[in-house]
Amino acid sequence: ARLAIIRELQFDPVTEQLLHVDLQEVSADRAITVHVAVRPLGEAAGVREQKGILNLVLHEIAVSCLPTAIPQRIDADVSALMIGDVLTVAELRAPEGVRILNDPGQAVATVAPPMAEEVAAVVAPTAAAVTEPEVLTERKPKEGEEAAADEGKRPKRPERAEKSEKDK
1113 ARLAIIRELQ FDPVTEQLLH VDLQEVSADR AITVHVAVRP LGEAAGVREQ KGILNLVLHE
1173 IAVSCLPTAI PQRIDADVSA LMIGDVLTVA ELRAPEGVRI LNDPGQAVAT VAPPMAEEVA
1233 AVVAPTAAAV TEPEVLTERK PKEGEEAAAD EGKRPKRPER AEKSEKDK
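Below, the structure is given as structure tokens:
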């Protein structure tokens, strides 16, 4: 028997049935790099007390470990986060034998202030608010047409260039 991990799953785009599985053989005594899901634990204090919104910025993290020690997920304790706080990769606790490879300063979760709801003021229609439609009049002459309009002539159109020998 050989030790292997799943590298890729391919699904049919319409029926979503599994079409193909790519496996990779691994050695039980050599560390491998895999991506593991991040799961928020608890309810953020900023959400509970200040009605903030928890944003999970990083859904997966890269870890290095032995194939027999791959965790199902990494838990991220968000219970102490207030509005404006950021939980970083450095604050995550990986199980024994698992090393997190992401940048320690990378954000995992944040708590944002609640969105302000805009309440549109209801304006009662008044007689002053009701207006008549605008009546259009003759168009106003443009700058170049003003002199011609004063003389009662149409503006002079540019003459067409004569055809060259190639165009004939």
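So the mapping is simple: the numbering used here equals the position in the sequence shown, first residue as 1, plus 1112. Built from N, CA and C at the ideal position, the CB exists for glycine as well. Nothing here was measured: the structure is a model prediction, and the numbers come from that model.
{"Query": "Does the segment 1129 to 1137 come close enough to the segment 1166 to 1181 to have 3 or more Cβ pairs within less than 8 Å?", "Result": "no"}
{"Query": "Going by C-alpha to C-alpha distance, which of L1121, P1152 and G1158 sits closest to E1172?", "Result": "P1152"}
{"Query": "Write down the C-beta distance between L1193 and G1217 rounded to the nearest angstrom, noting that I regard them as a contact closer than 8 Å.", "Result": "Not a contact, Cβ separation roughly 16 Å."}
{"Query": "Select from A1206, N1214 and T1222 the residue whose C-alpha is nearest the C-alpha of G1196.", "Result": "T1222"}
{"Query": "May I ask you to list the residues that DSSP assigns as paired with N1167?", "Result": "T1222"}
{"Query": "Within the continuous beta strand (DSSP E) that includes R1119, where are the two ends?", "Result": "A1116 to F1123"}
{"Query": "Would you kindly work out how many angstroms separate the C-alpha atoms of T1140 and C1177, rounded to a whole number?", "Result": "One detail in the question is off: residue 1140 reads as Ala in this sequence, not Thr. Answer to the nearest angstrom: the Cα atoms are 10 Å apart."}
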